[in-house]
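Notes follow once the structure below has been shown.
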Amino acid sequence: MMWVSLRGVQIGERMQQVLLAIQYLAMAAFVIGCLVGYFTGNAPKPPAPALDWFNPLLADGHGMVQAVLLALFIYWGWDTCLALTEETRDPRRTPGRAATLSTVILLITYVAVTVVTMMYAGIGDTGTGLANADHADDVFSGLAGMALGPMGWFLVVAVAVSALSSSQTTILPTARGTFAMGIYKALPKRFAALHPVTQTPTFSTLLIGVVAILYYAGMNLVSTSVLSDSVVIGAGIAGITTARLLRQAGQNVVILEARDRIGGRMWTDRDAGFPVDRGASWIHGLIGNPLTPLVESLNIRTLEFTVGAYQAGGRPISNFDANNEPLDTRRTDAWLEDASMADELLADAIAASAPGTNYAHAVERAVAAFDADAARKRQVHEFLHHRTEEQCGAESSEVDAHGLDEDIIEGDEVVFPDGYDTLPRMLAEGLDIRLGRVAKTIERTTAGVRVRTESESFDAAHVVVTVPLGVLKAGDIDFDPPLPETITAAIERIGMGVFNKIFLRFPERFWADGVYAIRQLGSPSHPWHSWYDVSEISGEPMLLTFAGGAWGREIESMDDEDIVDSVVTSLRRMYGDAVPSPVAHWITRWGADEFSRGSYSYIAVGASHDDHDAIAEPVADVLHFAGEATYGAEPATVHGALLSGHRAAERILGRTVPLKTLPGTQHAPR
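Straight run, no breaks: the sequence shown in UniProt numbering ends on number 670.
Take a look at the structure:
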């Protein structure tokens, strides 16, 4: 394009006309293809056009920045027109008309193409939705083939042609500006030299062209280093909460996520046509839980589903004894009384336990104090043991006696019929999330912090590390200089549990209607002991069971078929041949997941709630940690992770930030 500019403005004009024609032909074809797809019902996610699309009051800070950049691009064209005033046929009228006309045409083009693209692709953050971070930087490449079929390449070529046009309009006006400065002796005389034939400011054009080449080359070399106010590592609920609050405060924030999806341990699998939450499933307690008003403000559907090994006066549970015989009403009531008494005795045993005592010791003391026959003692012992596996993902001998203190938050529990990851996906809208970026090194520098991945580096004033505790314990991220001993010791003391889920979909229901759970009592030799009916969530006959602690780690080395056979065998001991073979299954292996290395944290023997908070202490006021394992008041919970992200954002901003502002203006109630 520098050569074209040197050859004269007439050649440059003809070149621009050709390039402009290619671009508008491609855009017209794309718009027609999108409209045909929309009106024939073949658009991937066709929303109805809405007046809200044109409401500037609903735009967040990121949208306003994009609007300003578009305005600057329009001004770029205006500047080019006016810079060539003396080279037009009618210097008094042509430049002004051209500048005004180009502005109007660009505005109409931007609005028309944007509206049609929104109608065709949708505005969601999954699939083709324009808010999907996976293709936010290159929307046309993803939609070209869908809208134009085999001619989709033409649109991609047009985008490349647009870059050529922009290069020429960079050189032309700037060269004319330096030429004028040479005429008025603001720059050396050489800048005022004209080519005798083409009447082009030769030296100015050459210099600007060379500078542009060097600039683009330099930007390409340093493009792997991104400067931000804050870098957040991990796009789970803690990281997204931190980033959104910082973004709403006007910061430039980048989230680096190692996975190919957001949500972290909030992972909803929709491949079967209905949501299967492989990770987090529940809001544990609605009363006083920050998730409750947040979910309500976002209009996310929930379904009451309070879990627990026993529920006096609650949903019906089919209980079976150690001999696989169902418990009648009398025996069930007796069992509920035993379980309630066991909890009271356990609370006394925990209160009397010295620091450093394991949970198994407290359980043994509670069972010993339980005045009952051997069979009832065995049932209580098994119940307390398996409950520890479910709550901590660890054996009772690994958990500190005070590691299962009563939860602060109470009330019913709920699940998400549309999938739990609906929450992080909605909160992530508009955030700069880079997927597939595995943080390798975090360096504290004189200017702040530098995060290095395998191929990029990101510099920022602050970094917030929200990776799971298992990743920190494994040393997968190098810290330079090393973390303070107070943090590394706390990381080592806290345990990372393994709690895996096994979903089984059956061809038909074999358990009684209205039964929300199946429970086998007093069989510590049987690893499968609790099954939950999740049919209401999936719309299919489905049961969910768990494998925690040592058994949870063991199944990770087993084949899916062997795991399914083991679960079905346990069910058939109770229901006999009425149990059909499952038609589908979903099995998690969180311990083997390289980006989590476990399910959630627990207070291991010798650790305390204070260790969770110790990890979160800022380092040099530039390095911060967040995540469920850093929130001592409510570890191992989604709301704990959310609150830790809120805390990290407040520490960086140095002020209080109301959590109710988290949804942002795009999700504000109307």
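A virtual CB, placed ideally from N, CA and C, is assigned to each residue, including glycine.
Residue span of the beta strand (DSSP E) that contains residue i, given as start and end
{"i": "residue 499", "result": "499 to 505"}
{"i": "residue 420", "result": "Per DSSP, residue 420 belongs to no beta strand (DSSP E) and is neither H nor E."}
{"i": "residue 601", "result": "600 to 602"}
{"i": "residue 520", "result": "517 to 520"}
{"i": "residue 435", "result": "432 to 435"}
{"i": "residue 460", "result": "457 to 465"}
{"i": "residue 443", "result": "441 to 445"}
Cβ-Cβ separation, residue j to residue i (assumed contact under 8 Å), whole Å
{"i": "residue 680", "j": "residue 208", "result": "Within the shown structure, residues of the chain are numbered from 1 to 670, placing residue 680 beyond reach of any answer."}
{"i": "residue 586", "j": "residue 500", "result": "Actually they do not touch by this definition, with Cβ atoms about 10 Å apart."}
{"i": "residue 602", "j": "residue 495", "result": "5 Å"}
{"i": "residue 112", "j": "residue 23", "result": "Not really, about 14 Å apart at Cβ, beyond 8 Å."}
{"i": "residue 420", "j": "residue 280", "result": "5 Å"}
{"i": "residue 639", "j": "residue 289", "result": "5 Å"}
{"i": "residue 442", "j": "residue 615", "result": "Rounded, the Cβ-Cβ distance is 14 Å, inconsistent with contact."}
{"i": "residue 552", "j": "residue 470", "result": "In fact, because the Cβ distance is near 13 Å, the residues do not count as touching under 8 Å."}
{"i": "residue 29", "j": "residue 151", "result": "7 Å"}
{"i": "residue 414", "j": "residue 588", "result": "At roughly 21 Å, the Cβ-Cβ gap does not stay under 8 Å, so residue 414 and residue 588 are not in contact."}
Residue i in three-state terms, based on DSSP
{"i": "residue 258", "result": "coil"}
{"i": "residue 312", "result": "Unreliable positioning characterises residue 312 in this predicted model, as indicated by a pLDDT of 49, which lies under 50. A coordinate reading is not provided."}
{"i": "residue 535", "result": "helix"}
{"i": "residue 223", "result": "Any reading at residue 223 must be qualified, since the residue scores a pLDDT of 45, below 50, and its modelled position is unreliable; the value itself is stated next. Residue 223: coil per DSSP, three-state reduction."}
{"i": "residue 546", "result": "strand"}
{"i": "residue 665", "result": "For residue 665, the predicted model reports a pLDDT of 45, less than 50, meaning its position is unreliable; a value from the coordinates is still stated below. Residue 665: helix per DSSP, three-state reduction."}
{"i": "residue 508", "result": "coil"}
{"i": "residue 305", "result": "coil"}
{"i": "residue 513", "result": "coil"}
{"i": "residue 625", "result": "strand"}
{"i": "residue 357", "result": "coil"}
{"i": "residue 229", "result": "strand"}
{"i": "residue 180", "result": "helix"}
{"i": "residue 91", "result": "coil"}
Close Cβ partners of residue i (< 7 Å) along its chain, the five nearest in sequence each way excluded
{"i": "residue 655", "result": "none"}
{"i": "residue 648", "result": "242, 464, 624, 626"}
{"i": "residue 179", "result": "191, 192, 201, 204"}
{"i": "residue 19", "result": "161, 164, 165"}
{"i": "residue 332", "result": "319"}
{"i": "residue 121", "result": "44, 45, 128, 129, 130, 143"}
Residues near residue i by beta carbon distance below 6 Å, same chain, minus five either side
{"i": "residue 506", "result": "541, 580, 582"}
{"i": "residue 434", "result": "256"}
{"i": "residue 269", "result": "276, 278"}
{"i": "residue 44", "result": "128"}
{"i": "residue 13", "result": "none"}
{"i": "residue 605", "result": "358, 400"}
{"i": "residue 310", "result": "Confidence is the limiting factor: at residue 310 the pLDDT is only 48, short of 50, which leaves the residue's position unreliable, though a coordinate-based value still follows. Closer than 6 Å at the Cβ level, and outside the excluded window around residue 310, lie 336, 339."}
{"i": "residue 671", "result": "A query on residue 671 cannot be resolved here, the shown segment of the chain reaching from 1 to 670 and no further."}
{"i": "residue 538", "result": "274"}
Continuous alpha helix (DSSP H) stretch holding residue i: start and end
{"i": "residue 643", "result": "638 to 653"}
{"i": "residue 340", "result": "329 to 351"}
{"i": "residue 560", "result": "560 to 575"}
{"i": "residue 383", "result": "374 to 392"}
{"i": "residue 470", "result": "469 to 474"}
{"i": "residue 613", "result": "609 to 615"}
Top-ranked residue by Cα proximity to residue i, from the options
{"i": "residue 571", "options": "528, 586, 546, 535", "result": "528"}
{"i": "residue 67", "options": "389, 297, 114, 13", "result": "114"}
{"i": "residue 526", "options": "156, 382, 50", "result": "382"}
{"i": "residue 517", "options": "657, 498, 318", "result": "318"}
{"i": "residue 361", "options": "384, 634, 329", "result": "384"}
{"i": "residue 535", "options": "497, 620, 503", "result": "503"}
{"i": "residue 416", "options": "345, 306, 229", "result": "306"}
{"i": "residue 512", "options": "497, 531, 522, 286", "result": "531"}
{"i": "residue 635", "options": "651, 646, 613, 617", "result": "613"}
{"i": "residue 703", "options": "104, 117, 397", "result": "Outside the shown range of the chain, which is 1 to 670, sits residue 703, and nothing can be said about it."}
{"i": "residue 477", "options": "451, 537, 245", "result": "451"}
{"i": "residue 444", "options": "470, 199, 484", "result": "484"}
{"i": "residue 488", "options": "422, 607, 426, 371", "result": "607"}
{"i": "residue 701", "options": "466, 479, 425, 460", "result": "With the chain covering 1 to 670 only, the question about residue 701 has no answer from this structure."}
{"i": "residue 573", "options": "558, 320, 431", "result": "320"}
{"i": "residue 123", "options": "95, 49, 195, 101", "result": "49"}
{"i": "residue 621", "options": "105, 448, 286, 143", "result": "448"}
{"i": "residue 228", "options": "559, 10, 460", "result": "460"}
Cβ neighbours of residue i in the same chain (closer than 8 Å, five flanking residues each side left out)
{"i": "residue 437", "result": "256, 257, 258, 453, 456"}
{"i": "residue 633", "result": "408, 609, 640, 643"}
{"i": "residue 224", "result": "Since pLDDT at residue 224 reaches only 45, below the 50 mark, its modelled position is unreliable, and no value is offered."}
{"i": "residue 486", "result": "614, 617"}
Residue i Cβ short of 7 Å to the ligand GDP heavy atom set
{"i": "residue 464", "result": "The ligand GDP is not part of the structure shown, which contains no ligands of any sort."}
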